[in-house]
Amino acid sequence: MKTLIKNGTLITAFDTFQSDILIEDETIARIGLNLTIDSDQLIDASGKLILPGGVDPHVHLDLPMFGTVSSDDHYTGHKAAAFGGTTTAMDFVVLEKEDFQHSVDLWMRKAEKAAIDYSFHMNLTQFNEKIAKEIPSLMKMGIQTLKVFTAYNGRLRIDDGSIFKALQIAKGNGMLVMAHCENGDVIDTLVGQALAAGHTSPEWHALTRPAWGAVESTLRMAAMAEQADSPVYIVHMNAGGEVDMLKYARERGVQLMGETCPQYLFFTVEHLRRSDGSKWICSPPMRTEKDNARLWEGLSDGILQTIGTDHCPFYFDGTRPIVYEGSEIAIPGKELGRDDFTKIPNGLPGIQDRLPVLWTQGVATGKISANQFVELTSTNPAKIFGLYPRKGSLLVGADADLVIWDPQKIVKYGVAQSHQRTDYNLYEGWELKGYPEKVFLRGKMIVDGDQWLGKSGDGKFLKRSEGEVL
Ligand code: URP
Ligand code: ZN
Ligand code: ZN
Numbered sequence: 250m251k252t253l254i255k256n257g258t259l260i261t262a263f264d265t266f267q268s269d270i271l272i273e274d275e276t277i278a279r280i281g282l283n284l285t286i287d288s289d290q291l292i293d294a295s296g297k298l299i300l301p302g303g304v305d306p307h308v309h310l311d312l313p314m315f316g317t318v319s320s321d322d323h324y325t326g327h328k329a330a331a332f333g334g335t336t337t338a339m340d341f342v343v344l345e346k347e348d349f350q351h352s353v354d355l356w357m358r359k360a361e362k363a364a365i366d367y368s369f370h371m372n373l374t375q376f377n378e379k380i381a382k383e384i385p386s387l388m389k390m391g392i393q394t395l396k397v398f399t400a401y402n403g404r405l406r407i408d409d410g411s412i413f414k415a416l417q418i419a420k421g422n423g424m425l426v427m428a429h430c431e432n433g434d435v436i437d438t439l440v441g442q443a444l445a446a447g448h449t450s451p452e453w454h455a456l457t458r459p460a461w462g463a464v465e466s467t468l469r470m471a472a473m474a475e476q477a478d479s480p481v482y483i484v485h486m487n488a489g490g491e492v493d494m495l496k497y498a499r500e501r502g503v504q505l506m507g508e509t510c511p512q513y514l515f516f517t518v519e520h521l522r523r524s525d526g527s528k529w530i531c532s533p534p535m536r537t538e539k540d541n542a543r544l545w546e547g548l549s550d551g552i553l554q555t556i557g558t559d560h561c562p563f564y565f566d567g568t569r570p571i572v573y574e575g576s577e578i579a580i581p582g583k584e585l586g587r588d589d590f591t592k593i594p595n596g597l598p599g600i601q602d603r604l605p606v607l608w609t610q611g612v613a614t615g616k617i618s619a620n621q622f623v624e625l626t627s628t629n630p631a632k633i634f635g636l637y638p639r640k641g642s643l644l645v646g647a648d649a650d651l652v653i654w655d656p657q658k659i660v661k662y663g664v665a666q667s668h669q670r671t672d673y674n675l676y677e678g679w680e681l682k683g684y685p686e687k688v689f690l691r692g693k694m695i696v697d698g699d700q701w702l703g704k705s706g707d708g709k710f711l712k713r714s715e716g717e718v719l
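In terms of the numbering used here, the sequence shown is residues 250 to 719.
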């Protein structure tokens with residue numbers, strides 16, 4: 250099967266140029282001007298941009314938590330991703346008490362319905378001698394990354410000594426540690442005090458998880474990265490001070506990398522004070538406008554390396570079903586914490602929103618260039634997580650994961666345009682200019698305008714090898 254896309258403008262992390270592009274079966278076969286080749290499908294992309302498919306390094310699909318489950322599974326979440334121009338997503342495996350293999354097998358079964366390509370990170374939420382010995386076996390399974398937490402005491406957190414040992418093991422095996430940075434001890438103290446004082450509303454979620462905890466924990470991870478001589482990737486950076494710590498560490502040669510997410514660029518604690526404030530509850534929480542601005546600076550100045558979503562959706566009101574692909578479905582959500590902010594499921598939707606929202610608010614406003622947009626949302630995640638140049642590039646031989654992007658298309662965005670399986674959208678009513686028109690996964694068109702051509706089971710598990718430290 251040959252598809253020839255003519256007259257588009259290719260945007261990569263490095264360059265912008267006019268070219269035709271030939272897809273043969275699953276890969277990019279040729280790139281060049283005035284290609285005249287017999288093809289099964291000819292697409293005129295005049296006035297359109299061609300981008301490598303988005304790579305989302307941070308999503309949580311079908312994740313059990315807070316007595317419910319994140320409301321997108323590996324089909325619905327992937328379908329939404331595709332409509333937003335993302336063709337690869339990386340999800341986190343919950344470490345079960347048995348072992349890594351058992352935990353990965355469970356996640357592999359969940360992902361049998363995948364509609365885009367995917368890979369896994371392993372949550373390192375327990376640590377002992379047996380686990381330490383087993384960590385290298387993850388590389389053989391194609392899982393190159395471990396996520397550690399400095400918060401969620403008694404649930405997900407392991408102590409600093411164990412994190413340090415994990416860093417040493419990672420270094421010896423070409424693996425990468427990802428860190429969720431907050432101060433679990435301070436959070437637990439503040440939560441206890443808030444509840445004792447009768448504070449139950451959503452804003453207390455943010456007030457009990459202060460930015461200083463994220464900043465201090467980011468510096469702590471930087472110090473450990475340096476002492477173990479092992480790279481660390483800080484997930485969901487949310488506080489301006491974390492950007493300062495990242496800059497400080499990188500200027501001193503520490504192998505520290507940082508990811509932020511769109512929600513931390515646009516929203517603040519004020520959103521949690523609204524009557525529907527629980528929609529914005531995730532961990533770490535929303536901060537201030539100053540933090541938003543410093544994160545944008547970190548992106549434009551090249552201090553931060555990636556933008557992921559931390560897509561972990563819940564319904565605002567999970568007692569009321571929504572219709573998804575013709576069936577009614579209700580999944581318990583934020584209402585579980587109506588009387589107690591600690592019971593509101595942590596997480597929010599964003600896998601579809603990421604590219605269109607960032608294009609309008611980032612590229613069109615001049616905060617980042619179109620090339621930086623591709624670098625932050627596709628190329629760098631592919632490089633760091635061992636998928637480049639197969640993913641994140643427009644190179645001959647790479648997977649033909651492409652987005653034909655219409656920079657002129659105006660969309661009044663919101664839940665009606667979203668395929669995320671939840672009952673709200675954080676960007677409701679936003680006017681977006683620039684939107685995916687056609688999306689290809691390994692040469693197959695899976696989105697054409699508002700038509701879904703993808704299929705459950707078409708997504709492939711990507712075995713990853715050692716990535717780059719950027
Ligand atoms: O609130 C969030 N982000 N839920 C997902 C888990 C995590 O820490 O990334
Ligand atoms: Zn996290
Ligand atoms: Zn997360």
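Glycine residues also receive a C-beta, built at the ideal position from the N, C-alpha and C atoms.
Please read these numbers as outputs of a predicted model, since none were measured by experiment.
| request: Would you kindly work out how many angstroms separate the C-alpha atoms of VAL660 and LEU681, rounded to a whole number? | output: Taking the straight line joining both Cα atoms gives about 5 Å.
| field | Alpha-carbon to alpha-carbon, ALA619 and VAL612 | value | 6 Å
| Residues bridged to TRP701 by DSSP? | VAL696
| said: To test your reading of the DSSP string, which unbroken beta strand (DSSP E) runs of 3 or more residues are found completely within the segment 360 to 410? | reply: 366 to 372 and 394 to 398
| query | Is DSSP giving TRP654 helix, strand or coil here? | reply | strand
| task | Compute the minimum distance between the beta carbon of VAL343 and the heavy atoms of ligand 3, and state whether it is under 7 Å. | result | no
| query | Under three-state DSSP, which class holds PRO630? | reply | Of the three classes helix, strand and coil, the one that applies to PRO630 here is helix, per DSSP.
| field | Euclidean distance between Cα positions of LYS693 and GLU574 | value | 21 Å
| task | Please name the residue or residues paired with HIS429 in a DSSP beta bridge. | result | PHE398
| Does at least one heavy atom of ligand 2 sit under 7 Å from the Cβ of HIS454? | no
| field | Delimiting residues of the alpha helix (DSSP H) encompassing GLN504 | value | Run containing GLN504: none; DSSP gives neither H nor E here.
| task | Rounded to whole angstroms, what's the CA-CA distance from ARG569 to ALA579? Just pull it up for me. | result | The alpha-carbon atoms of ARG569 and ALA579 are separated by roughly 6 Å.
| Relative to ligand 3, is the shortest distance from any of its heavy atoms to the C-beta of ASP289 smaller than 7 Å? | no
| query | What's the C-alpha gap between VAL464 and HIS429? | reply | Cα-Cα distance, rounded: 11 Å.
| task | Using three-state DSSP, classify ASP672 as helix, strand or coil. | result | ASP672: coil per DSSP, three-state reduction.
| message | Quick check for students: name the residue ranges of the alpha helix (DSSP H) that lie wholly in the segment 434 to 517, counting only runs of 4 or more. | response | 452 to 456, 460 to 477, 489 to 500 and 512 to 515
| Would the beta-carbon of ALA492 fall within 8 Å of that of ILE552? | Inspection of the sequence shows that residue 492 is occupied by Val rather than by Ala. Contact flag set, yes.
| said: Any heavy atom of ligand 2 closer than 7 Å to the beta-carbon of HIS429? | reply: yes
| For HIS448, is the beta carbon positioned less than 7 Å from some heavy atom of ligand 2? | no
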